[in-house]
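Note sheet for the following structure.
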Amino acid sequence: MDFSVTEEQKLIIETALRFVEEELYPYEEEVERTDAITPELVEQIKQKSIELGLYAAGMPEDCGGGGLDTLTMCMLDRALGRANMALNYTVYRPSNVLQACVGEQREKYLLPACRGEKVDCFAMTEPGAGSDVRGMKTFAKRDGSDFIINGTKHFISHADWADFVILMAATGEEDSARGKRKKITTFLVDKGTPGFTLRPGYKNVSHRGYHNFILDFEDCRIPESQVLGEVDKGFDVANDWLGATRLQVASLCLGRCDRALEHSLDWAANREQFGQKIAKFQGVSFKLADMKMRLKAAELLTYEAAWKYDNNCMEDMDAAIAKLNATEALAFIADEAIQIHGGMGVMSELPLERIWRDARIERIWEGTSEIQRHIISRALLRPLGA
Amino acid sequence: MKVLVPVKRVVDYNVKIRVKADQTGVETANVKMSMNPFDEIAVEQAVRMKEAGQAEEVIAVSIGPQQAQETIRTALAMGADRGILVQHDGEVEPLAVAKILKAVAEAEGPGVILCGKQAIDDDANQTAQMLSALLGWPQATFVSKLEIGSDEATATREVDGGLETIKVKLPAVCSVDLRLNEPRYASLPNIMKAKKKPIDTKSPADLGVDPAPRLTTVKVAEPPPRQAGVKVADVAELVAKLRDEAKVIG
Numbered sequence: 001m002d003f004s005v006t007e008e009q010k011l012i013i014e015t016a017l018r019f020v021e022e023e024l025y026p027y028e029e030e031v032e033r034t035d036a037i038t039p040e041l042v043e044q045i046k047q048k049s050i051e052l053g054l055y056a057a058g059m060p061e062d063c064g065g066g067g068l069d070t071l072t073m074c075m076l077d078r079a080l081g082r083a084n085m086a087l088n089y090t091v092y093r094p095s096n097v098l099q100a101c102v103g104e105q106r107e108k109y110l111l112p113a114c115r116g117e118k119v120d121c122f123a124m125t126e127p128g129a130g131s132d133v134r135g136m137k138t139f140a141k142r143d144g145s146d147f148i149i150n151g152t153k154h155f156i157s158h159a160d161w162a163d164f165v166i167l168m169a170a171t172g173e174e175d176s177a178r179g180k181r182k183k184i185t186t187f188l189v190d191k192g193t194p195g196f197t198l199r200p201g202y203k204n205v206s207h208r209g210y211h212n213f214i215l216d217f218e219d220c221r222i223p224e225s226q227v228l229g230e231v232d233k234g235f236d237v238a239n240d241w242l243g244a245t246r247l248q249v250a251s252l253c254l255g256r257c258d259r260a261l262e263h264s265l266d267w268a269a270n271r272e273q274f275g276q277k278i279a280k281f282q283g284v285s286f287k288l289a290d291m292k293m294r295l296k297a298a299e300l301l302t303y304e305a306a307w308k309y310d311n312n313c314m315e316d317m318d319a320a321i322a323k324l325n326a327t328e329a330l331a332f333i334a335d336e337a338i339q340i341h342g343g344m345g346v347m348s349e350l351p352l353e354r355i356w357r358d359a360r361i362e363r364i365w366e367g368t369s370e371i372q373r374h375i376i377s378r379a380l381l382r383p384l385g386a
Numbered sequence: 001m002k003v004l005v006p007v008k009r010v011v012d013y014n015v016k017i018r019v020k021a022d023q024t025g026v027e028t029a030n031v032k033m034s035m036n037p038f039d040e041i042a043v044e045q046a047v048r049m050k051e052a053g054q055a056e057e058v059i060a061v062s063i064g065p066q067q068a069q070e071t072i073r074t075a076l077a078m079g080a081d082r083g084i085l086v087q088h089d090g091e092v093e094p095l096a097v098a099k100i101l102k103a104v105a106e107a108e109g110p111g112v113i114l115c116g117k118q119a120i121d122d123d124a125n126q127t128a129q130m131l132s133a134l135l136g137w138p139q140a141t142f143v144s145k146l147e148i149g150s151d152e153a154t155a156t157r158e159v160d161g162g163l164e165t166i167k168v169k170l171p172a173v174c175s176v177d178l179r180l181n182e183p184r185y186a187s188l189p190n191i192m193k194a195k196k197k198p199i200d201t202k203s204p205a206d207l208g209v210d211p212a213p214r215l216t217t218v219k220v221a222e223p224p225p226r227q228a229g230v231k232v233a234d235v236a237e238l239v240a241k242l243r244d245e246a247k248v249i250g
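If you're matching them up, the sequences are chains F and E in order.
All residue numbers in the first sequence are consecutive under UniProt numbering, ending with 386.
All residue numbers in the second sequence are consecutive under UniProt numbering, ending with 250.
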């Protein structure tokens, strides 16, 4: 097996790390304190991100993207994942699913998204449809060549920055082996479309400056030309194009683990108590060893899954294992980092309390830890008929 | 005009240097290596000259082990056009480096050679000066501003006590100082382009140079830790200590 990192990957990581240190870290304190990121700052970071080719780096070159493969994107996301979510997101990657755009949709959504002229958000979750995605109640009823959409989506991240929504809505029912199930269609809905309104979502423990929103659709009329992929084939579009979003989450967790571990090593090697560096106490040094071990395992699982994705042999279980392991590693490492720092660890002067707070959502979004375990166990048991 | 930029692979400036247990040198195993920061400034200057139409080609050359190719690749990703790796695994002293660079310069015929003023590993600050002497070319060292004319360059040098502006005939050897510019990041598209740029590999022997060290390293040791200072009550005590203990005043 070849685990070497290529010269190009090393250079990309170096550029990304320098970008994070020079363009993102200086603004973290302000974003955390104000729970907001100014439009001017978003624009500033975005322009630099475009100049450096970090923007839309994972989209294909013929769409104006950087054409990076999934493995290299994981390395890039890991470097960018060190910064807080609001700043991290300004560097921006359009949803991979936009690659399903055809004809005029490419000019209207895909290409402007890669150029940095338009931002998307993805709306799937509903108050009554979390892990049970097909339980969604948002319904798009056909009316001639249009659809009329009614329903509510919530927990929709950065919908305030988005110029359009990639919306999943039910468009009917079909029979399956386990009874009736909803057919889902994906729509592209512009902000400002009559019948579509946006309101602030919930205050929460994580992600200062990066907000969630509630989307209301009330007799919102959308022409069929705004359907992404085929009608009733919304899940196929997602499966074919959404890409390795679970590996994206895993990679972001790796970056946060890196930062928490670095702070912990630095603290342990310099902080003195009882007349010696605290790293000399086994209670501290063994924590550092465990943190490194968990991080290394998460790294290898993530990179292996990404490599498989690029070589068309990744199974759902691979991504599930990588996501589950990396998110739980982050929870462990963030917590231990604070323990090593003692009281200083929970102070906002260090990024650790923020990493610890932000870590909580990682075990929930992009499929909860329970859903990941379900995927893994089903993959193991299904062949046994159990 | 061609611009030749020597780039050295050194221990990254962020790494805390550790002396090897056997005191033969500093630890480089499993240590992050990067391009010497002063060489980055030289590459940036060369690329800016190319962008301004003052140079046609920027050539990055590195002397070192196979891994020094990564350092060349960094220069290529910043905008250099091609690379030359003079592969050599052992230690190379400034004089050997200068001889190798002389041979490369004679083969390539650059209008200017831009060196970092020193490398942050040994801080020798000798290569550019030796190279200039070996080639018989003028030198401008510690340059913080550089204007290239058709047959001469105007260089502002950082010298003790201020700045000095000199003119040198081209071709010339320049060594660049910290304040000349701020090196760019390699952008993703340029990193991808760098992948396709050629790197020639040669050996010191190909260039007719014997790089065997002429100096012997006896011992490498950490500087002694600084002793704690003392507080003095007043000026009189300070003066007394300076005179009687430190003996720095009469």
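Think of the CB as a built atom: it goes at the ideal place given N, C-alpha and C, for glycine as much as any other residue.
Note that this is a predicted model, so its numbers are computed, not measured.
- Rounded to the nearest whole angstrom, the C-alpha separation of residue 57 of chain F and residue 6 of chain E is 31 Å.
- Within chain E, not a single residue places a beta-carbon under 9 Å from that of residue 171 of chain F; the smallest gap is close to 39 Å.
- At least one beta carbon of chain F lies nearer than 7 Å to the beta carbon of residue 70 of chain E.
- Residue pairing by DSSP puts residue 220 of chain F in a beta bridge opposite F/149.
- The continuous alpha helix (DSSP H) containing residue 240 of chain E extends over residues 235-244.
- When Cβ pairs closer than 8 Å are counted between the two stretches, the region 336-343 of chain F is seen not to touch the region 62-70 of chain F, the count staying below three.
- In the structure shown, residue 212 of chain F adopts extended strand secondary structure according to DSSP, grouped into three states.
- Residue 4 of chain E is bridged by DSSP to E/59, E/113.
- The contact set of residue 57 of chain F on chain E, defined by CB atoms closer than 9 Å, consists of 188 in chain order.
- A check of alpha carbon separations from residue 100 of chain E across E/90, E/86, E/110 identifies E/86 as the nearest.
- Neighbours of residue 54 of chain F in chain E, taken as residues at a C-beta separation under 7 Å, are given in chain order as 188.
- Under the three-state reduction of DSSP output, residue 87 of chain E falls in the strand class.
- Under a 10 Å Cβ-count criterion, residue 202 of chain F is classified as exposed, with fewer than 16 other Cβ atoms of the shown protein chains found around its own Cβ.
- For the 7 Å CB-CB criterion, residue 113 of chain E and residue 82 of chain E do not form a contact.
- When rounded, the separation of the alpha-carbon atoms in residue 182 of chain E and residue 39 of chain E is 12 Å.
- Sequence-ordered contacts of the region 195-219 of chain E with chain F read 195 [C-beta pairs closer than 7 Å].
- For residue 7 of chain F, the closest C-alpha among the options E/248, E/215, E/194 is that of E/194.
- Using beta-carbon distances, residue 82 of chain E does not count as an interface residue toward chain F, since no partner is under 7 Å.
- Contact between residue 369 of chain F and residue 302 of chain F is ruled out by a C-beta separation of about 16 Å, above the 8 Å threshold.
- Exclusion of the five residues before and after residue 94 of chain E leaves 124, 126, 127, 130 as the residues of its chain whose Cβ lies within less than 7 Å of its Cβ.
- Under the three-state reduction of DSSP, residue 15 of chain E is assigned to coil, being neither helix nor strand.
- Considering only beta carbons, no part of the region 38-59 of chain E lies closer than 7 Å to chain F.
- Using a 10 angstroms sphere on the CB of residue 125 of chain F, the tally of other CB atoms reaches 16 or more, which defines it as buried.
- Within the DSSP secondary-structure output, residue 273 of chain F pairs in a beta bridge with F/276.
- Counting only unbroken stretches of 3 or more residues, the beta strand (DSSP E) elements lying wholly within the region 92-153 of chain E are 112-116, 139-148, in sequence order.
- In terms of Cβ geometry, residue 134 of chain E and residue 102 of chain E form a close pair [threshold 7 Å].
- Around the CB of residue 247 of chain F, 16 or more other CB atoms lie within 10 Å, so the residue is classed as buried.
- Measuring C-alpha to C-alpha distances from residue 114 of chain F to each of F/334, F/337, F/221, F/59 identifies F/59 as the nearest.
- In the three-state reduction of the DSSP assignment, residue 169 of chain F falls in the strand class.
- Under the 10 Å beta carbon count, residue 215 of chain E is surrounded by fewer than 16 other beta carbons and is classified as exposed.
- Residue F/318 holds the alpha-carbon nearest to the alpha-carbon of residue 376 of chain F among F/161, F/296, F/102, F/318.
- A straight line joining the alpha-carbon of residue 47 of chain E with that of residue 312 of chain F spans about 40 Å.
- At a cut-off of 7 Å between beta carbons, residue 166 of chain E makes no contact with chain F.
- Judged by beta-carbon spacing, residue 117 of chain E lies within the 7 Å limit of residue 175 of chain E, meaning their Cβ atoms are closer than that value.
- Shown here, residue 198 of chain F sits in a strand according to DSSP, grouped into three states.
- In chain order, 76, 80, 81, 82, 83 place their CB closer than 8 Å to the CB of residue 197 of chain E, counting only its own chain and leaving out the 5 sequence neighbours on each side.
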